[in-house]
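Chains C and Y, in that order, give the protein sequences.
Quick note on numbering: the first sequence equals residues 1 to 139 in full-length UniProt numbering.
Quick note on numbering: the second sequence equals residues 1 to 134 in full-length UniProt numbering.
First up is the structure itself, then whatever we jot down about it.
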Amino acid sequence: MERVPVLKIGDILLVSIQIDMEDQVALQLQEDLADRIVTTGCHGVIIDISALDIVDSFVGRTLATIASVSRVLDAETVVVGMRPAVAITLVELGLSLPGIRTALNVELGIEMLALSRPHLDVEFDDDEDEADSAAVLAP
Amino acid sequence: MSEESRQVPVASDQDVVRVRQLVRTVSVEAKLSLVDQTKLVTAASELARNTLVYGGGGYVEVSRVRNEIRAGIRIVFADQGPGIVDLDLALTDGYTTGGGLGLGLSGARRLVDEFVIETAPGEGTTITVTKWCR
């Protein structure tokens with residue numbers, strides 16, 4: 001069975017779904033992510049679905065479950081990159097994904113997580129912070 | 001009428017993926033719009049999963065069809081499972097006997113142009129859906 005890789009970048013776990021998942025693969029991803037949240041202590045999860053040309057009710061439900069489980073484990077989930085045709089189809093299917101935060105792309109997803117968790121270390125503007133504290137200590 | 005048809009057995013998760021791939025291929029060949037391709041593949045995914053989970057497996061047949069004015073795609077989902085006892089209830093949003101969201105059947109119906117269901121307790125279920133090119 002194929003497996004969807006989970007990457008750790010700073011305080012964020014990044015999942016990019018690149019395959020047409022069998023139902024079992026989606027369930028495995030749900031378990032893998034929960035494990036990784038606990039072992040890494042990450043507080044943010046980004047799921048990139050820009051490569052998916054459909055999201056059916058099973059995948060939709062899996063995404064919702066991942067978001068709920070992450071929240072219980074003190075992590076925020078953002079689903080990013082949904083294609084327009086997928087959004088139209090999902091809503092018509094009757095799934096509006098309540099409780100799932102979405103962003104248009106990975107970059108905006110990272111921004112969203114950074115805003116909801118000011119302490120989140122995404123290793124972007126660390127230098128600036130250090131410069132600030134150095135300036136305070138200098139005199 | 002039917003120009004050609006292709007059949008896929010549905011006996012596992014992998015077969016549901018194969019059904020999606022076949023429907024996608026035929027949708028592209030038939031030049032459905034991107035949104036209509038997405039709707040049809042999504043509907044096929046829901047119904048093929050039902051064939052597997054509720055019907056105990058069966059087969060899916062995909063064909064290109066044509067009426068006086070338009071071309072389209074017709075897909076048949078057939079199983080020899082227990083059948084559906086209360087069809088109205090089964091077609092209600094949110095009703096499920098399988099622990100899902102209860103959107104498969106009702107949602108799939110909204111995503112296609114024609115939806116015909118033949119079922120009786122103990123007699124299996126056959127669902128035929130059609131999507132016409134615009």
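Even for Gly, the Cβ is constructed at its ideal location relative to N, Cα and C.
Pull up the CB-CB distance for residue i and residue j, whole angstroms please, since I reckon it's below 8 Å.
i                : j                : result
Asp48 of chain C : Gly99 of chain C : Incorrect: roughly 19 Å between the Cβ atoms, too far for contact.
Val53 of chain Y : Leu22 of chain Y : About 19 Å; that fails the 8 Å criterion.
Asp93 of chain Y : Gly94 of chain C : 6 Å
Val15 of chain C : Leu29 of chain C : 7 Å
Gly55 of chain Y : Gly81 of chain Y : 3 Å
Can you tell me which of the three DSSP states residue i falls into?
i                 : result
Gly44 of chain C  : strand
Ile73 of chain Y  : strand
Pro9 of chain Y   : strand
Ala87 of chain C  : helix
Thr126 of chain Y : strand
Glu76 of chain C  : strand
Ala78 of chain Y  : strand
Thr65 of chain C  : helix
Gly58 of chain Y  : strand
Could you check if residue i is buried or exposed, using at least 16 other CB atoms within 10 Å of its CB as the buried criterion?
i                 : result
Gly98 of chain Y  : exposed
Val91 of chain C  : exposed
Asp132 of chain C : Here the model assigns Asp132 of chain C a pLDDT of 47, short of 50, so the residue's position is not dependable, and the following value carries that caveat. It is exposed - the Cβ of Asp132 of chain C has fewer than 16 other Cβ atoms within 10 Å.
Ala51 of chain C  : exposed
Ser57 of chain C  : buried
Asp36 of chain Y  : buried
Arg49 of chain Y  : buried
Asp11 of chain C  : buried
Glu68 of chain Y  : exposed
Leu115 of chain C : exposed
Arg96 of chain C  : Looking at the sequence itself, residue 96 of chain C is Ser, so the reference to Arg does not match. It counts as exposed.
Gly44 of chain C  : buried
Going by beta-carbon coordinates alone, are residue i and residue j separated by less than 7 Å?
i                      : j                 : result
Ala26 of chain C       : Thr38 of chain Y  : no
Gly83 of chain Y       : Thr119 of chain Y : yes
Thr130 of chain Y      : Arg66 of chain Y  : no
Asp79 of chain Y       : Gly107 of chain Y : no
Glu22 of chain C       : Asp13 of chain Y  : yes
Val19 of chain Y       : Ala43 of chain Y  : no
Val17 of chain Y       : Asp32 of chain C  : no
Gly109 of chain C      : Ile46 of chain C  : yes
Thr128 of chain Y      : Val112 of chain Y : no
Ala34 of chain C       : Val69 of chain C  : yes
Leu63 of chain C       : Arg36 of chain C  : no
Arg24 of chain Y       : Val41 of chain Y  : yes
Arg64 of chain Y       : Trp132 of chain Y : no
residue 164 of chain Y : Phe77 of chain Y  : This structure does not reach residue 164 of chain Y, given that chain Y is present from 1 up to 134, and the question cannot be answered.
Arg61 of chain C       : Leu91 of chain Y  : no
Arg101 of chain C      : Val72 of chain C  : no
Does the beta carbon of residue i fall short of 6 Å from some heavy atom of the ligand MG?
i                 : result
Pro121 of chain Y : In the structure shown, the ligand MG is absent, as is every other ligand, since no ligand is present at all.
Worksheet item: For the UniProt domain "STAS" (2-113) of chain C, which residues have a CB atom closer than 7 Å to at least one CB atom of chain Y, in sequence order?
Response: Within the UniProt domain "STAS" (2-113) of chain C, the residues whose Cβ lies closer than 7 Å to some Cβ of chain Y are Asp20, Glu22, Asp23, Gln24, Asp53, Ile54, Asp56, Ser57, Phe58, Arg61, Ala85, Val86, Ile88, Thr89, Glu92, Leu93, Gly94 and Leu95, listed in chain order.
Worksheet entry | Residues from the region 14-33 of chain Y in contact with chain C, defined by Cβ distance under 9 Å | Cβ contacts with chain C come from Gln14, Val16, Val17, Arg20, Gln21, Arg24 and Ser33.
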